[in-house]
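Peer 1: Numbering (the working numbering), first residue to last: 226 to 771.
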Amino acid sequence: MFGKSKNKAWKQLESIYKHFAGTQMKDMFAADPKRAEKYSEQLESMLIDYSKNLINSEVMAALFNLARERGLKEKIADMFAGKKINTTENRAVLHTALRNRADTPIYVDGRDVMPQIDAALDKIRDFSEAVRLGRFTGYTGKKLTNIVNIGIGGSDLGPFMACEALRHYWAKDINCYFISNIDGTGCAEVLNKIDPETTLFIIASKTFTTIETLTNARTCRKWLVDALGEHAVAKHFIALSTNKEEVEKFGINSDNMFAFWDFVGGRYSIWSSIGMIIAIAIGYKNFERMLDGAYAMDKHFTETEFEHNIPVILALIGVWYNNFYGIHRYCVIPYDQYLRYFPAYLQQMDMESNGKSISLDNKYVDYSTGPVLFGGAGTDVQHSFFQLLHQGTEIVPTDLIVPAISHNEIGAHHQILLANVLAQGEALMHGKTEDETIAELEAAGKSSTEINRLKKYKSFSGNRPTNTIVLRKIDPYSLGMLIAMYEHKVFVQGVIWNINSFDQFGVELGKKMALNILPELQGMNRNTQHDCSTSALISYIKKIRK
Ligand code: G6Q
Numbered sequence: 226m227f228g229k230s231k232n233k234a235w236k237q238l239e240s241i242y243k244h245f246a247g248t249q250m251k252d253m254f255a256a257d258p259k260r261a262e263k264y265s266e267q268l269e270s271m272l273i274d275y276s277k278n279l280i281n282s283e284v285m286a287a288l289f290n291l292a293r294e295r296g297l298k299e300k301i302a303d304m305f306a307g308k309k310i311n312t313t314e315n316r317a318v319l320h321t322a323l324r325n326r327a328d329t330p331i332y333v334d335g336r337d338v339m340p341q342i343d344a345a346l347d348k349i350r351d352f353s354e355a356v357r358l359g360r361f362t363g364y365t366g367k368k369l370t371n372i373v374n375i376g377i378g379g380s381d382l383g384p385f386m387a388c389e390a391l392r393h394y395w396a397k398d399i400n401c402y403f404i405s406n407i408d409g410t411g412c413a414e415v416l417n418k419i420d421p422e423t424t425l426f427i428i429a430s431k432t433f434t435t436i437e438t439l440t441n442a443r444t445c446r447k448w449l450v451d452a453l454g455e456h457a458v459a460k461h462f463i464a465l466s467t468n469k470e471e472v473e474k475f476g477i478n479s480d481n482m483f484a485f486w487d488f489v490g491g492r493y494s495i496w497s498s499i500g501m502i503i504a505i506a507i508g509y510k511n512f513e514r515m516l517d518g519a520y521a522m523d524k525h526f527t528e529t530e531f532e533h534n535i536p537v538i539l540a541l542i543g544v545w546y547n548n549f550y551g552i553h554r555y556c557v558i559p560y561d562q563y564l565r566y567f568p569a570y571l572q573q574m575d576m577e578s579n580g581k582s583i584s585l586d587n588k589y590v591d592y593s594t595g596p597v598l599f600g601g602a603g604t605d606v607q608h609s610f611f612q613l614l615h616q617g618t619e620i621v622p623t624d625l626i627v628p629a630i631s632h633n634e635i636g637a638h639h640q641i642l643l644a645n646v647l648a649q650g651e652a653l654m655h656g657k658t659e660d661e662t663i664a665e666l667e668a669a670g671k672s673s674t675e676i677n678r679l680k681k682y683k684s685f686s687g688n689r690p691t692n693t694i695v696l697r698k699i700d701p702y703s704l705g706m707l708i709a710m711y712e713h714k715v716f717v718q719g720v721i722w723n724i725n726s727f728d729q730f731g732v733e734l735g736k737k738m739a740l741n742i743l744p745e746l747q748g749m750n751r752n753t754q755h756d757c758s759t760s761a762l763i764s765y766i767k768k769i770r771k
């Protein structure tokens, strides 16, 4: 039984918060020149500087105690060992097995799952190479150079984000496209750009029942059949799924089906055959490097004591803000154009995993769980929502992610970008006092009336937390590490909050209700009861569409 009131470390943190709350980061920096060293961790070439947080050794020690009290070590071991920790769906959670680069067995229901994972990886390798080398061609013998992933949610966001992040590694003659939304615009815009003879459609759907994906897949199938005939389907469609029966019903034979398993959650499936488009775009060897990077993070996570364990530290600091400071927001800013979709990917990973209110003991929680996550690419977002981060009434803990070396070192671009990310962390932490503002305005020759009028507007409270994550370069290996770091961070927070991070029943209700409304929009008179707002909206839209 877990409730905040029952937990010793939780109480200890509440009492620390009472005397710690007003502490200023810049005072802690001034008092300890070694603060950055003390609160940084490095894993290979990845550096995590978490010193610009509202923490000290007392806070961190209590947070580590909380993790111990919550049995985190055992819970980590349970996940990696294939225990059915997804209790509401009675499933193991083994995305880590997909990148298990050690030759060790992992058992689910007494059966080693590694042979089937290895066989699936071999199949991805063979197929992706055959496409890249032009050995697997389209129906008319032409090389398949337009690769279209049709999927949504976990079957889209991961491959989409990773393909964009690793665009530098794409084969020169290959183009990747993504269709996810049920909005026909997604399909139309992609189909307008491509040639059926050179297009491979990948239908990515774990369940193969998702209405968006199947509707998009049928539209693309019709487009292809209209151009090349029914026989062409086998050469232009493959499926990534756990549902063989539905895949076959769609008309794709099992040779063109790439399996994965129910122990891989959608938002954690990038490492499985859902990563097919990544392997085709960047080559299987590079795809394997991504798995290697994730595995390096897995080893770090499972083998490192909490005090130096990157995902554990990041997770606990998040808990500190969420549950003790009462800050329920969190921002991720990659300073890299290739990583611009990373926040959207993380948003699903974090909010779908930890956006829960029922504990593992089947009770409403009496504390906050997952925060609202948003973000975008720096420096772009500095010119949009950063105003609120600097001077708004909301404190938003922020992760700043940046590669030390860019794939496109043109002139001073990357140095300017680096200067910006560092300046943002410093400015958010340090702020600018009214005295500093006055001195600046005086130096600029402003009158005392003008200075009095402007000094408050131009001052910054500072004391706003950031983590700075420096990678050497955005490559498959470092991307694998980065994704796995956040996966484990989310997992640790789920453990602290005593929730199941691996189901997602919250997405069901709206989907079901859409199925009720659809026939009404299509003109069938069904007597479904709605609230008066929904009924009026249905009538209005029907009237306009007439
Ligand atoms: C992720 C979710 C969800 C899922 C999509 C697509 O963890 O389960 O985003 O990935 O709903 O589902 P299918 O892959 O089954 O089409």
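Built from N, CA and C at the ideal position, the CB exists for glycine as well.
When the Cβ atoms of the segment 502-518 are set against those of the segment 574-594, are three or more pairs found closer than 8 Å?
Peer 2: no
Peer 1: Spell out the partners DSSP gives S265 in its beta bridges.
Peer 2: D274
Peer 1: Does at least one heavy atom of the ligand G6Q sit under 7 Å from the Cβ of G848?
Peer 2: The chain is shown from 226 up to 771; residue 848 falls before or after that span and cannot be answered.
Peer 1: Kindly examine the ligand G6Q and report whether one of its heavy atoms sits closer than 7 Å to the Cβ of G490.
Peer 2: The ligand G6Q has a heavy atom closer than 7 Å to the beta-carbon of G490.
Peer 1: What residue range is occupied by the uninterrupted beta strand (DSSP E) comprising P628?
Peer 2: 623-628
Peer 1: With a Cβ-Cβ cutoff of 8 Å, do K460 and Y364 count as a contact?
Peer 2: yes
Peer 1: In the segment 434-491, which residue ranges form an unbroken alpha helix (DSSP H) of at least 4 residues, counting only runs that do not cross its ends?
Peer 2: Correct list: 436-453, 458-461, 469-475.
Peer 1: Using the rule of at least 16 other Cβ atoms within 10 Å of the residue's Cβ for burial, across every protein chain shown, is Y682 buried or exposed?
Peer 2: With fewer than 16 other Cβ atoms within 10 Å, it is exposed.
Peer 1: Span of the alpha helix (DSSP H) holding V318?
Peer 2: Element bounds for V318: n/a, residue is neither H nor E.
Peer 1: Among N232, K251, R295, H244, which one has its Cα closest to the Cα of G687?
Peer 2: Answer by Cα proximity: K251.
Peer 1: Determine whether the beta carbon atoms of A521 and S498 lie at a separation below 8 Å.
Peer 2: No, the pair does not count as a contact, with Cβ atoms beyond the cut-off.
Peer 1: How would you write the range of the beta strand (DSSP E) that I375 sits in, first residue to last?
Peer 2: DSSP places I375 inside the beta strand (DSSP E), whose first and last residues are 371-375.
Peer 1: What beta strand (DSSP E) runs, 3 residues minimum, are completely inside the segment 675-752?
Peer 2: 691-696
Peer 1: Should the segment 396-405 be regarded as contacting the segment 364-373, the criterion being three or more beta carbon pairs within less than 8 Å?
Peer 2: yes
Peer 1: For the ligand G6Q, any of its heavy atoms closer than 7 Å to the Cβ of T321?
Peer 2: no
Peer 1: Is it right to say R324 is buried, meaning 16 or more other beta carbons lie within 10 angstroms of its own, or is it exposed?
Peer 2: buried
Peer 1: Considering Cα atoms alone, identify which of L272, L238, D561, N281 is closest to H638.
Peer 2: D561
Peer 1: In angstroms with no decimal places, state the Cα-to-Cα distance between Y394 and Q572.
Peer 2: 25 Å
Peer 1: CA-CA distance, V544 and T691?
Peer 2: 14 Å
Peer 1: Spatial neighbours of K546 within its chain, please: C-beta separation below 6 Å, excluding the five flanking residues on both sides.
Peer 2: Note on identity: in this sequence residue 546 is Tyr, with Lys being the wrong assignment. I552, P622, listed in sequence order.
Peer 1: Among the residues of its own chain, which have a CB less than 6 Å from the CB of P794, if the five just before and after it don't count?
Peer 2: Limits of the chain in this structure are 226 at one end and 771 at the other, which puts residue 794 out of reach.
Peer 1: Measuring CB to CB, does N641 end up less than 8 Å from V606?
Peer 2: Per the sequence presented here, residue 641 reads as Ile, with Asn not at that position. Not a contact, by the Cβ cut-off of 8 Å.
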